[in-house]
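Quick note: the sequence shown uses the working numbering, first residue 1, plus one each step. Have a look at the structure below, then the notes.
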Amino acid sequence: MQVVYSPAHLAHDITVETFMGLPVPANEVAERAELIRQALDTDGGFPFVVPTDHGEAPITDVHDPGLVRFLEVAWSELEAQRVDRPFLSADTYPNRAMFEGMSDAAVGSLVREPAHVGGRAGYWGLDSAAPLVAGTYRAARAAVDVALTTVDLVLGGQPVAYGLCRPPGHHAARSMYGGYCFFNNAAIAAEAIVRATGERVAILDVDYHHGNGSQQIFWRRGDVRYVSIHADPDHDYPYFLGRADEVGEGDGLGENLNVPLAPGTKDDEYLVAVDRALDAIAAAPGSVIVISLGFDTYALDPIGTFKLTTAAYHEIGRRTAALGRRLVILQEGGYHRPSLGENTRAWLRGAEGRSFEPRPAADGDARDAVAG
Ligand code: Q9C
Ligand code: ZN
């Protein structure tokens, strides 16, 4: 399987994020992508491809141009406004209750993006856990090129390809970044496939978190079916979307399927959800599936509560490929660094119908404490 990778992600050099108002060590760090790259390289079955520049048009096909402009200038604005911070995080968010009693028309005409960079970050942002640094925009643009080059490989005849996207994308909505995500790589890929093929496309999102951005972008769309398995938003980020009764509206009615699972979910229960999700995808026409692939469902993940094993990832990859559709596999989350490479290798080998033999673990390798 070909793998699309670019070192441009290194520019999104994150060390600290905020959690409930306090600085904590960042989860979505550059080392993640480097560990995955190394594991696939060592495997030998994953030739690397350099992404090509696809320009801005495929991004503004799904995102508000205002979001693109903000992300492009955010760091230079922070410097120009002399905000002395190692990363940009919002000051104030436009909570919907701030406008209670105002009509949509009044809000639309009276509320606007402010000039202060902390206010601008609140205007475009979902949460305080997506730190933005000097190289974030460059890295986020490169992640989109990784996704679109993966699409090119599959539309060019490959049955499956993997894009090592970083930063991830599925929390980014049409007009909003957040949750470590800036541009929605999977949504941009799905939109590009619809435009190139005229076919319907399915997105299978197996990141631990609900992909609120992907759901929002395709909510009213009849040509992109979004199917997500994730932690119940009663207990986990993004909290306000991801429930089972969110089914789409208009042309998109019935095209959105959320399968929320309880904290602590293990392999058996998760695989039942996978079969349900795959049935929902098989029920609609189309020949390509975009996969939002996260490993924060892993037993040792520092921010997830599920208990999945490496063996389960191989099986999920195998079952997904068994649908017989072409697969555009794009990396989302996954924060337990010692296991990331092996879990990715297991999933991708499953998706190619190949066996998976765990790499012998080095001494003290926490990976095998649960999943060995
Ligand atoms: N204590 C992705 O997996 N909240 N994004 C973290 C940690 C934000 C996850 C809280 C989680 C965002 C792509
Ligand atoms: Zn996640």
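The C-beta atom is built at its ideal place from N, Cα and C for all residues, glycine as well. Note that this is a predicted model, so its numbers are computed, not measured.
Residue i - DSSP class collapsed to helix/strand/coil
i: residue 279; result: helix
i: residue 161; result: strand
i: residue 368; result: Note that residue 368 scores a pLDDT of 47, beneath 50, so its modelled location is shaky and nothing firm can be said.
i: residue 211; result: coil
i: residue 321; result: helix
i: residue 5; result: coil
i: residue 78; result: helix
i: residue 16; result: strand
i: residue 137; result: helix
i: residue 73; result: helix
i: residue 88; result: strand
i: residue 270; result: helix
i: residue 144; result: helix
i: residue 334; result: coil
i: residue 156; result: coil
i: residue 125; result: strand
i: residue 48; result: strand
Chain-order list of residues whose beta-carbon lies under 7 Å from that of residue i (same chain, five-residue window excluded)
i: residue 59; result: 68, 144, 183 and 188
i: residue 358; result: 310 and 342
i: residue 56; result: 68
i: residue 94; result: 111, 122 and 123
i: residue 368; result: Note on residue 368: pLDDT 47, under 50, position unreliable in the model; no value is reported.
i: residue 62; result: 174, 184, 187, 188, 191 and 217
i: residue 364; result: With a pLDDT of only 49 at residue 364, under the threshold of 50, the placement of this residue in the model should not be trusted; the figure read from the coordinates follows. Around residue 364: no qualifying Cβ.
i: residue 222; result: 251, 252 and 255
i: residue 262; result: 232
i: residue 128; result: 18, 89 and 90
Proximal residues to residue i (C-beta, below 6 Å), its chain only, five neighbours per side dropped
i: residue 318; result: 350
i: residue 290; result: 186, 189, 190, 203 and 328
i: residue 372; result: Low confidence applies here, because residue 372 scores a pLDDT of 34, under 50, leaving its location unreliable; read the following figure in that light. Cβ neighbours of residue 372 beyond the five flanking positions: none.
i: residue 15; result: 26
i: residue 209; result: 230 and 237
i: residue 149; result: 4, 51 and 52
i: residue 47; result: 2
Cβ-heavy atom distance, residue i to ligand 1, below 7 Å
i: residue 298; result: no
i: residue 168; result: yes
i: residue 248; result: no
i: residue 129; result: yes
i: residue 180; result: yes
i: residue 171; result: yes
i: residue 303; result: yes
i: residue 19; result: yes
For residue i, the residue or residues it bridges with in DSSP
i: residue 178; result: 181
i: residue 256; result: 226
i: residue 25; result: 16
i: residue 298; result: 308
i: residue 326; result: 288
i: residue 173; result: 176
i: residue 203; result: 226 and 290
Sequence-distant residues of its chain with Cβ nearer than 8 Å to residue i (five each side left out)
i: residue 370; result: Here residue 370 scores only 45 on pLDDT, less than 50, and its place in the model is too uncertain to base an answer on.
Contact with chain B by residue i, beta-carbon distance below 8 Å
i: residue 318; result: Absent here is chain B; the protein component of the structure consists of one chain.
Distance cut-off 7 Å: residue i Cβ against heavy atoms of ligand 4
i: residue 237; result: As for ligand 4, it is missing from this structure, which binds only ligand 1 and ligand 2.
- [ ] Considering only heavy atoms of ligand 2, list every residue whose Cβ is less than 5 Å from one of them, following chain order.
- [x] That query returns the following residues: 207, 208, 209, 294, 296 and 333.
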